[in-house]
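Engineer: Note that the working numbering has the sequence shown beginning at 162, numbered continuously upward.
To start, I am sharing the structure in question, which I have written as structure tokens.
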Amino acid sequence: MAFQDIEAELKNFEEIERQKLGLEKDPQKNQWQDKINREFYADQREHTTILVSGLTMAHDRFVQAGLEGLGYKIKALDCPDTDSLQFGKEFGNKGQCNPTYFTVGNLVKYLSNLRDETGMTPQQVVEKNVFLTAGACGPCRFGMYVTEYRKALRDAGFDGFRVMLFDASGGMNQTSGKEVGLKMDKEFFITLAKAIFAGDALNAIMYRIRPYEVVAGSTDKAIEECRQTIMTTLKNKKSILMALRRCRKILNGVEVDRTMVKPKVSIIGEFWAMTTEGDGNYKLQRFLEQEGAEVDIQLIVNWILYNIWQAKTDTKSRMVLRGSDDKARKGLKTTQIAKKFLTLKVAEMALKGTFYTFAKFLGLKNFKLPDMEENAELASQHYNNELRGGEGHMEVGKLIQTVLHNKAHMVISVKPFGCMPSSGVSDGVQSVITERYPEAIFLPIETSGDGAVNVYSRIQMMLFKAKRQAEKEYEDYLNLKI
Ligand code: SF4
């Protein structure tokens, strides 16, 4: 058969197949497109539930209470578990990061249960719920999360489900002219900030008390009481500082024995993996406590400080680096640079000041937020500060800071399997850091949803060293006293 005949036959075959599938002739028109539906208007508020999740249970529940106080119907989803992972793997694309599978799957699991248990049709589920989450443009796979949510929801039978992002959009939708359903105004962000600061402070104090409790379970009981107190306060728009003061009294009632010798283990790593409290990191925090350690967690406020540091650093670089639209000798012609620096400085001071006030009222003493400038400076010798994505240079900086300032006996860096910034870059650099600082006890672990036993045994081995170090420190201190 001549070449032209084969080509003609193939073209004919393609045409028949295209018609069968109802595809357009122009291949560009057949590309999958993310149908973005964010139509949530004020007149739908009454019968629409806003679903939130993704941080710790304290944060999610405080956000729920705070937004309920603003008049929204809102629900914090449960912490993602292994079932959520299964749902995520079933409906998500292949090769995604663990947090995508866990968080997307958690939403699909909730909506599927809602459909199956209440008898709602998928259409009703779509109409009566929206999901609120954080998004970013990357540069790692995080940039794909929102699209992944929409894709998995469509494949699970909830096509058109609305996934909303936190952004400071105004009160009116520019296209429809209708009032938007979720008003991200000053009051919204202040409420969110209160929920985040309260969640951070309560989590930080919880991890300080629980390892030393005399009566098992007494910390959890007190923490639950505190959570209820804070939720009621946020819901009723009462003074959060007074609520924290009441919580301090509740927490003071937990009997502790500070003479127990415990190694302090700092958890760093990929944001979601180190923040979640469930199967997503094999319940790492609980496991460490059961094994006799005190856990040092990373707060959400650290992430905000990192974002402020990024804005400051980028402005410093861009003000001397001309862009294509800068008509001046130096860059950022249209920006009032001094004003921008001042705004960022004020934001940083306000953030730190508010957190320390919350901490003081709650009774969280001697707690220091990380110094982002120092972190960047220390990390820059090994990790280019311009590299962003995930925690950027912070993981490297945190390990060095921990050793230099004697902040913890051991550092665990937890990240989902194949995390680009953490496994792919930071862990490579950390081997140099542990060589330069041989006293560092550092353990990188990857999570994949299974293989918990493997992870636990690796932690136990390293923890043994950290325990010996803590005991030695204690003995040295006692000998010094004598
Ligand atoms: S930081 Fe890592 S785990 Fe998180 S989205 Fe990026 S690549 Fe995935």
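Note that beta-carbon positions come from the ideal geometry of N, C-alpha and C, so glycine has one too.
Small disclaimer: the values here were computed from a predicted structure and weren't measured.
1. Compute the Euclidean distance between the alpha carbons of Val507 and Asn536, then round it to the nearest angstrom.
2. Got a sec, what are the start and stop residues for the alpha helix (DSSP H) Lys501 sits in?
3. Can you tell me whether Phe319 sits near the ligand SF4, meaning its C-beta is under 7 Å from at least one heavy atom of the ligand?
4. So, does the stretch 510 to 519 touch the stretch 354 to 361, judging by three or more C-beta pairs under 8 Å?
5. How long is the line joining the alpha carbons of Lys347 and Val375, rounded to whole angstroms?
6. Excluding the 5 residues flanking Ser584 on each side, which residues of the same chain have their C-beta closer than 7 Å to its C-beta?
7. Closer than 7 Å to a non-hydrogen atom of the ligand SF4 - does that hold for the CB of Phe603?
8. Under the three-state reduction of DSSP, which class applies to Asp221: helix, strand or coil?
9. Measure the alpha-carbon distance for Pro300 versus Leu466 and round it to whole angstroms.
10. Report whether the distance from the Cβ of Pro283 to the nearest heavy atom of the ligand SF4 is below 7 Å.
11. Nearest CA to the CA of Arg619: which residue from Leu512, Phe448 and Glu552?
12. Below 8 Å, how does it come out for the stretch 175 to 189 and the stretch 307 to 317: are there three or more Cβ pairs, yes or no?
13. What are the partner residues of Pro188, as DSSP defines its beta bridges?
14. Taking Lys410 as the reference, which of Ser400, Lys425, Cys387 and Thr496 has the closest Cα?
15. For Ala404, does the count of other Cβ atoms within 10 angstroms reach 16, so buried, or fall short, so exposed?
16. Please find out if some non-hydrogen atom of the ligand SF4 comes closer than 7 Å to the beta-carbon of Gly551.
17. May I ask you to verify whether the stretch 230 to 237 touches the stretch 202 to 209, counting CB pairs closer than 8 Å and requiring at least 3?
18. Between the C-alpha atoms of His543 and Val572, what's the straight-line distance to the nearest angstrom?
19. Is the closest heavy atom of the ligand SF4 to the C-beta of Ser618 under 7 Å?
Structural biologist: Taking the structure as given:
1. Distance between the alpha carbons of Val507 and Asn536: 20 Å.
2. Following the DSSP letters along the chain, one finds Lys501 inside the alpha helix (DSSP H) bounded by residues Ile498 to Leu523.
3. Not under cutoff, so the answer is no.
4. Yes, since at least three Cβ pairs between the stretch 510 to 519 and the stretch 354 to 361 fall closer than 8 Å, the two stretches touch.
5. Note on geometry: alpha-carbon atoms of Lys347 and Val375 lie some 43 Å from one another.
6. Here the set comprises Lys576 and Glu607.
7. Phe603: no, Cβ never under 7 Å from the ligand SF4.
8. Three-state result, Asp221: helix.
9. Rounded to the nearest whole angstrom, the CA to CA distance from Pro300 to Leu466 is 19 Å.
10. False, no ligand heavy atom lies under 7 Å from that Cβ.
11. For Arg619, the closest alpha carbon among the candidates Leu512, Phe448 and Glu552 is that of Phe448.
12. As far as the Cβ criterion goes, the stretch 175 to 189 does not touch the stretch 307 to 317, which means the pair count is below three.
13. Its beta-bridge partners do not exist; DSSP assigns none.
14. Its Cα nearest to that of Lys410, the residue Cys387 stands out among Ser400, Lys425, Cys387 and Thr496.
15. Classification for Ala404: buried.
16. Yes, the Cβ of Gly551 comes within 7 Å of a heavy atom of the ligand SF4.
17. At 8 Å Cβ cutoff, the stretches touch.
18. Straight-line Cα distance between these residues: approximately 18 Å.
19. Not one heavy atom of the ligand SF4 falls within 7 Å of the beta-carbon of Ser618.
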